[in-house]
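Structure, as structure tokens:
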Amino acid sequence: MLAYTTYSESGGVGKTTLTANLADAHSQQGRDVLVIDLDPQQGSLSYLLDIPTSRDDDVADNIARHLIDEPKGDFNELIRETSYGFDVVPSHGMLENLPQLLMKAQNLAEDLGEEFSPNDRLRQVLIDADIQREYDTIIIDPPASPGPHLYNAVSATRSLLLPVKPTGKGMQSIAGIEDILTNLEANLDIDLGVLAVVPNGIGSTSDQEDYLEEIQQLGYDAPVTIRDRSALFEGSWDQRCTAYYYYGHHRSHKRAYEAETLDKLRELARHIEEVGDQ
Amino acid sequence: MTNGMKSGAGSDPFSDSSSDEEPPEESEPQSEKSEETAETTSPSKADDDSSPNKKSQAPDSGQNGDTLPYIFARHSVKDSRKMIQYFLREDTQETEKDARHAVEDELGTDVPLTDIREALVRVGANHPDEIADELRDWGYRLKEE
Chain A
1 MLAYTTYSES GGVGKTTLTA NLADAHSQQG RDVLVIDLDP QQGSLSYLLD
51 IPTSRDDDVA DNIARHLIDE PKGDFNELIR ETSYGFDVVP SHGMLENLPQ
101 LLMKAQNLAE DLGEEFSPND RLRQVLIDAD IQREYDTIII DPPASPGPHL
151 YNAVSATRSL LLPVKPTGKG MQSIAGIEDI LTNLEANLDI DLGVLAVVPN
201 GIGSTSDQED YLEEIQQLGY DAPVTIRDRS ALFEGSWDQR CTAYYYYGHH
251 RSHKRAYEAE TLDKLRELAR HIEEVGDQ
Chain B
1 MTNGMKSGAG SDPFSDSSSD EEPPEESEPQ SEKSEETAET TSPSKADDDS
51 SPNKKSQAPD SGQNGDTLPY IFARHSVKDS RKMIQYFLRE DTQETEKDAR
101 HAVEDELGTD VPLTDIREAL VRVGANHPDE IADELRDWGY RLKEE
């Protein structure tokens, strides 16, 4: 089973774009992929993939309900197919209130003398739904800020993929990630691994060899770097599809360098599979 | 390696329902990849084999000594540029588009049309003979002796 969370402390590093396209790449390589969108924001993965969500309908079943143990149906019924060969559990507006909801659920459980680990709910839900029988790859896309969304994602995957913007600030955020992750390991009492750091959106200004060296000095692996491909990725957001689909269906002039970027993402997916399969 | 964090996979969250499991077998640290990625990503700033026009182009085309290269020094593509109207025939516009794609493929990145146009003028300006040939094709007459 390959399971990982894409995490970055700062926004705008292409986390969600990367998640969608890695899911596409894994699935092109014949894997059964499930992506879980834990980000309640508009503009999340569900939006990118044009997955209809019942965002504001709290009565409808959604992943937040499962996390607080108040499901309205089977977890498998939350799963949506995409046009790209992989499946998605969409986001829901209710996820915005997840911290409070989990706290209530925990209090209730304690009153009833039941066990409830608010940060380990997603893993429990996935195990109960026997997800690992259907899928060999799970990618979770949580919001960037620390909180129960992130904790649940990390606890359910134990492995991380860290996109970074190779700017001074981006490097600082790698250093900051160290602390966050060390805390996560301690608080959740689990071993975490970093499958790869992905310098994303490298412009010609960046002295990327320096960045790569710094990343490696921190002990991480950065198997590929992704150049600034705003035209390709923004185009895919406009059309609400993966970049592979966008390139294949919406680009009349095929740009060699964009194809190269898509190849790199496939290479990254393969690398992650090698390192992360267990 | 850093305190506690390691490169590689974390523990298997689905190993059993019990959450304490032994650390995963081996995660070989991989650090040999940098050449491969570096090589594909830094386009050379200068065009190496266009030596004839090198000299005349050097002063203000892109880089002045230790100041930032032109595209990084400006705030927007229109900075320090004056708008000049261009009148182009349709097939020239096609030619321009082809040139842009070729250049973008060469550099591996998108290039604003405004930059392409200015570069076309600058490079063209260094090739008066060829420009004259082109104009002869359009009907300009040979200079009489």
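In order, the protein sequence lines correspond to chains A and B.
Be aware that the first sequence starts at 1, since it is given in full-length UniProt numbering, and climbs by one per residue.
Be aware that the second sequence starts at 1, since it is given in full-length UniProt numbering, and climbs by one per residue.
Beta carbons: idealized from backbone N, C-alpha and C, even for Gly.
Asked	Found
Have a look at B/Phe87 and B/Asp133 and give me their C-alpha separation to the nearest angstrom.	20 Å
Can you tell me whether A/Pro90 is buried or exposed, with buried defined as 16 or more other CB within 10 angstroms of its CB?	buried
In the DSSP output, what is B/Lys6 paired with across the bridge?	A/Gly193
In this structure, what does DSSP give as the bridge partners for A/Asn200?	A/Ile226
Anything in the stretch 94–111 of chain B with a Cβ closer than 7 Å to a Cβ of chain A? List those residues in chain order, please.	His101, Glu104, Asp105, Gly108, Thr109, Asp110
When you compare only the Cα positions, how much space is there between A/Tyr244 and A/Ile51?	17 Å
Just to confirm before moving on: does the CB-CB distance between A/Leu162 and A/Ser8 stay below 8 Å?	yes
Using a Cβ-Cβ cut-off of 8 Å, state whether B/Gly8 counts as contacting chain A.	yes
For the alpha helix (DSSP H) containing B/Pro128, list its first residue and its last residue.	128–137
Return the first residue and the last residue of the beta strand (DSSP E) that A/Thr5 is part of.	2–6
Tell me the DSSP secondary structure of A/Arg266 in three-state form.	helix
When you measure from the CB of A/Pro118 to every non-hydrogen atom of the ligand MN, does any distance come out below 7 Å?	Looking at this structure, you won't find the ligand MN or any other ligand, since it has none at all.
Going by DSSP, what residue range makes up the beta strand (DSSP E) through A/Ile63?	Counting along the chain, A/Ile63 falls outside any beta strand (DSSP E), though it belongs to the alpha helix (DSSP H) covering 63–67.
Of the residues that make up the stretch 69–94 of chain B, which ones have a beta carbon closer than 9 Å to any beta carbon in chain A?	Pro69, Ile71, Phe72
If the cut is a Cβ gap below 7 Å, which residues of chain B does A/His253 touch?	His101
When DSSP labels each residue in this structure, what does B/Gly92 get in the three-state scheme?	With the sequence shown as reference, residue 92 of chain B is identified as Thr, and Gly is not the correct amino acid for it. DSSP places B/Thr92 in helix when its eight states are reduced to three.
Could you tell me which chain B residues have their CB closer than 8 Å to the CB of A/Thr137, listed as they occur along the chain?	Result: empty, since nearest Cβ-Cβ is about 12 Å, beyond 8 Å.
Is the distance from the Cβ of A/Arg266 to the Cβ of A/Ala25 below 8 Å?	yes
Skipping 5 residues on each side, what residues in its chain have a beta carbon closer than 7 Å to that of A/Ile68?	Leu101, Leu102, Ala105
Does the distance from the C-beta atom of A/Gly193 to that of A/Ser159 stay below 8 Å?	yes
On the three-state DSSP scale, how would you describe A/Ser159?	strand
Classify A/Asp87 as helix, strand or coil using the three-state DSSP reduction.	strand
Taking its Cβ as the centre, do 16 or more other Cβ atoms sit within 10 Å of A/Met94, making it buried, or is it exposed?	buried
Express the C-alpha separation of A/Pro40 and A/Asp189 in angstroms, rounding to a whole number.	26 Å
Taking the C-alpha atoms as reference points, what is the distance between A/Asp277 and A/Met1?	6 Å
Quick check: is the beta carbon of A/Arg123 nearer than 8 Å to any beta carbon in chain B?	yes
Taking the beta carbon of B/Pro13 as the centre, do at least 16 other beta carbons fall within 10 Å, making it buried, or is it exposed?	buried
Is it buried or exposed for A/Lys15, if we count other Cβ within 10 angstroms and need 16 for buried?	buried
At least one CB of chain A closer than 8 Å to the CB of B/Phe14: is that the case?	yes
Kindly indicate which three-state DSSP category A/Thr137 falls into: helix, strand or coil?	strand
Would you mind sorting A/Ser46 into buried or exposed? The rule is 16 or more other CB atoms within 10 Å of its CB.	buried
With C-beta atoms as the reference, is A/Ala129 less than 8 Å away from A/Pro142?	no
Using three-state DSSP, classify A/Val164 as helix, strand or coil.	strand
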